[in-house]
Amino acid sequence: AAFMRDYGGAMACELIGVPIDRADAPAEHDDIFRLATEIMAFAGDGKKRLTAAQVTRARGLADQLYAYVRRSFDGALGDDLSVTQRLRAEGLDFDTVRDLVTVVLVGATELVIYGLPRALAVLIDSGAFDQLRAAPDMIDSAIDEALRVTTPSNVILRSVAADCVVEGHRFRQGDRLLIAFRNIMRRADRFTD
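Using the working numbering, the first residue of the sequence shown is number -2, and each one after it goes up by one.
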């Protein structure tokens, strides 16, 4: 678990393009993990509105995360392939980049920290790990399938933007609903093999 937190934090810093001093890396990786986890906790709250205290806490967390994004955004443009620098190179302003990077960061951190260990376990337990050594060209497909089966983000909370009907189910604007990815990703009619 400790390795995955550090790895997830390192991946997030690389994704964002945050310049980190090697000596400070473990602490900053932990901080990125903490921020992503605490921000995700607001999404799982299930309430339509946050309390004043929750809003204050969320803004504080966001400001801490934005400081990391700012460090990357303000860096010199070059061959950096980070999400932040690529969006900046396209002419997007800091506020837009900050918001996009935050969404990507939180989702990617969750995927790596929770999804990668599960996906590896499926590959090892199923015997596919040994098969992949013999056929490394299948690695991308195996990872996709392992992540489909393990579904790192099992359920997400969403708000309905407009009245609609989806597969015979009526939803009204403002309704809150849970999307059960685990159930969706295991539907035999969608994934026949």
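Quick reminder that beta carbons are idealized off the backbone N, C-alpha and C, glycines included.
- Taking all protein chains in view, the Cβ of I110 is crowded by 16 or more other Cβ atoms within 10 Å, so the residue is classified as buried.
- The beta carbons of V119 and V146 sit about 6 Å from each other, so the pair counts as a contact at 8 Å.
- With a beta-carbon spacing of about 7 Å, G171 and S156 fall inside the 8 Å limit used to define contacts.
- Ranked by Cα distance from F30, the first of A7, I140, D127 is A7.
- R167 is bridged by DSSP to V162.
- Secondary structure of I29 (DSSP, three-state): helix.
- Put simply, the backbone Cα of V103 is about 31 Å away from that of R130.
- If you compare the alpha carbons of D92, T189, E11 with that of D60, the shortest gap goes to D92.
- In the structure shown, the three-state DSSP call for R67 is helix.
- For V152, DSSP records a beta bridge to A177.
- When secondary structure is reduced to three states using DSSP, D127 falls in the helix class.
- Counting only residues of its own chain and dropping the five nearest sequence neighbours on each side, D3 has a CB closer than 7 Å to the CB of P23, H26.
- C-alpha of M182 to C-alpha of G124: approximately 21 Å in a straight line.
- Spanning the alpha carbons of R95 and T81 requires a straight line of approximately 8 Å.
- Straight-line spacing of the CA atoms in L89 and V15 works out to 18 Å.
- One thing to note: R169 has its Cβ no nearer than 8 Å to the Cβ of T148.
- One thing to note: I153 has its Cβ within 8 Å of the Cβ of I176.
- Ranked by Cα distance from Q51, the options L84, A38, L174 are led by A38.
- Of all alpha-carbon atoms in A143, A159, E35, R173, the one lying nearest the alpha-carbon of R54 is that of E35.
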